[in-house]
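In terms of the numbering used here, the sequence shown opens at residue 743 and continues consecutively.
Glycine included, C-beta positions come from ideal geometry on N, C-alpha and C.
One structure is given below, encoded as structure tokens.
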Amino acid sequence: MTAKNLLQQRLANQQLIRPAFGSAPELVHWCGAIQAQDYEMSKWAVGMRLPAATSEQIEAAITKGELVRTHILRPTWHLVHPEDVRWMMTLSGPCIEQSMGTYNRKLELDSTVFRKSHKVLEKALRDGKQLTRPELADILEKAKIPTNDLRMNFLLIKAELDMVICNGGKRDKQITYALFEERVPVAKPFTKEESLATLALRYFNSHGPATLKDFTGWSGLPITQARLGLNLVKDRLNKETVSELEYWGPANAPDIKTTDNQILLIPNYDEYLVAYKDRDIIYDGQNDDHLSREGNPLFNNIILIKGQIAGVWRRTIKKKEVVMDLQTFTPLNKTEQAKLDKEVARYKQFIHLQ
């Protein structure tokens, strides 16, 4: 497999070309999880992988609980299918807890404080009530649980890891929190091996071809657990070698020589970027001056051409229009420009601003 073929396979498996799913829950279930640190752009991350999706449709799926937004994997915000949240959190939670230990001690957060804060949050959100972060902070303060400095962050994350709370719907453009038990259906528990195998198979099918190092970084699992997960499903995957590295992907991946759309507008924190530790194959590092955060492409909205980073884009949403600022690293030819214009129109249609 050549590097070019590898990128074409990734584009297809990540549903960025030839999308195979018709709804946001189906798509997110296939991917395992979609990073959702930037709430608005995460809707585009889902929508661009679906045919003719709109921002309102993705928003509705989140509001109804068809997608659950919570801290999971590594941890950071992700959109996850409700059927997957419990086993995935049970698997990744202990690793996240361990990484948070130093901060918790520094902030004087211990099991006693967390038990008390959990009870306060449960009472405040009972019976379908959904409250914003400032509202919850006020309630915790009244219960004499300080939320200053970073304490509020860790109080909420701990409640998410313990499956007490998760995000609810938006209210007046503000993101709310809701009770986990009232939004996420009860599911059959997995054994640890079942969880590792499921997560590994989900990742390599939807993000492959990828390496064990990539899977370890994406999942946030220790290398020993990630390797076990891969070993459990190797017989259901295909292995290819590129530049002396082992890449794993779907067993029956089609041979893709061309793409239907060679130019894409990728949002920041997109799975096409965050899911891989080694990004040399998609970015040569020659245009760091175009990128924010010291040249790290993760924090930028990316123009993708034939699977490689070829520019950046920004948008300013006004009342009746969206203003697009597009910067390519090198000038585009007429064909490429026409495809970029088509992709811009697709994004504007997604947010209903032409």
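Query raised in the report: Looking at residue 941 and residue 978, is the spacing between their C-beta atoms short of 8 Å?
Result: The Cβ atoms of residue 978 and residue 941 do not sit closer than 8 Å to each other.
Report task. With residue 1052 as the anchor, note down where its beta strand (DSSP E) starts and where it stops. Result -> It spans 1050-1059 - the beta strand (DSSP E) in which residue 1052 sits, taken as one unbroken run.
Report task. Please determine if the region 799-812 and the region 978-989 are in contact, where contact requires at least 3 C-beta pairs separated by less than 8 Å. Result -> Judged by pairs of C-beta atoms under 8 Å, the region 799-812 does not touch the region 978-989, as fewer than three such pairs exist.
Query raised in the report: With 16 as the cutoff for other CB atoms within 10 Å, does residue 1059 come out buried or exposed?
Result: That one is exposed.
Query raised in the report: When we look at the beta-carbon of residue 902 and count the other beta-carbons within 10 Å, is it buried (16 or more) or exposed?
Result: The residue is buried, with at least 16 neighbouring Cβ atoms inside 10 Å.
Report task. Within 10 angstroms of the Cβ of residue 746, are there 16 or more other Cβ atoms? Answer buried if so, exposed if not. Result -> Result: exposed.
Report task. Drop a sphere of 10 angstroms on the beta-carbon of residue 762, count the other beta-carbons inside from all chains shown, and report buried for 16 or more, exposed for fewer. Result -> Exposed, by the Cβ-count rule.
Report task. With a cut-off of 8 Å on the beta carbons, I'd call residue 878 and residue 919 a contact; round off their distance for me. Result -> Contact flag correct, Cβ pair sits at about 6 Å.
Query raised in the report: Count the other CB atoms within 10 Å of the CB of residue 889; is the residue buried (16 or more) or exposed (fewer)?
Result: With a 10 Å radius around the Cβ and a threshold of 16 neighbouring Cβ atoms, residue 889 comes out buried.
Query raised in the report: Taking Cβ positions, are residue 750 and residue 1027 nearer each other than 8 Å?
Result: The answer is no: Cβ separation not under 8 Å.
Query raised in the report: residue 811 lies in the beta strand (DSSP E); which residues open and close that run?
Result: Counting along the chain, the beta strand (DSSP E) containing residue 811 begins and ends at 810-814.
Requested in this report: From the DSSP output, in three-state form, read off residue 904 for me.
Outcome: Here residue 904 carries a coil assignment [DSSP, helix/strand/coil].
Report task. Please name the residue in 1024, 1046, 1053, 1018 whose C-alpha comes closest to that of residue 1033. Result -> Ranking the options by Cα distance to residue 1033, first place goes to 1053.
**Report entry** Distance between beta carbons of residue 1045 and residue 1015, contact taken as under 8 Å
**Finding:** That belief does not hold up - the Cβ atoms of residue 1015 and residue 1045 are roughly 12 Å apart, past 8 Å.
Report task. Give the straight-line distance between the Cα atoms of residue 1091 and residue 792, rounded to the nearest whole angstrom. Result -> In this model, residue 1091 and residue 792 are separated by some 13 Å (Cα to Cα).
**Report entry** Cβ shell of residue 958 (< 7 Å), same chain only, five flanking positions each side left out
**Finding:** Closer than 7 Å at the Cβ level, and outside the excluded window around residue 958, lie 965, 968.
Query raised in the report: Who are the near neighbours of residue 954 in its chain, counting only those whose CB is closer than 7 Å to its CB and skipping five residues on each side?
Result: Within the same chain, residue 954 has close Cβ partners 968, 969, 972.
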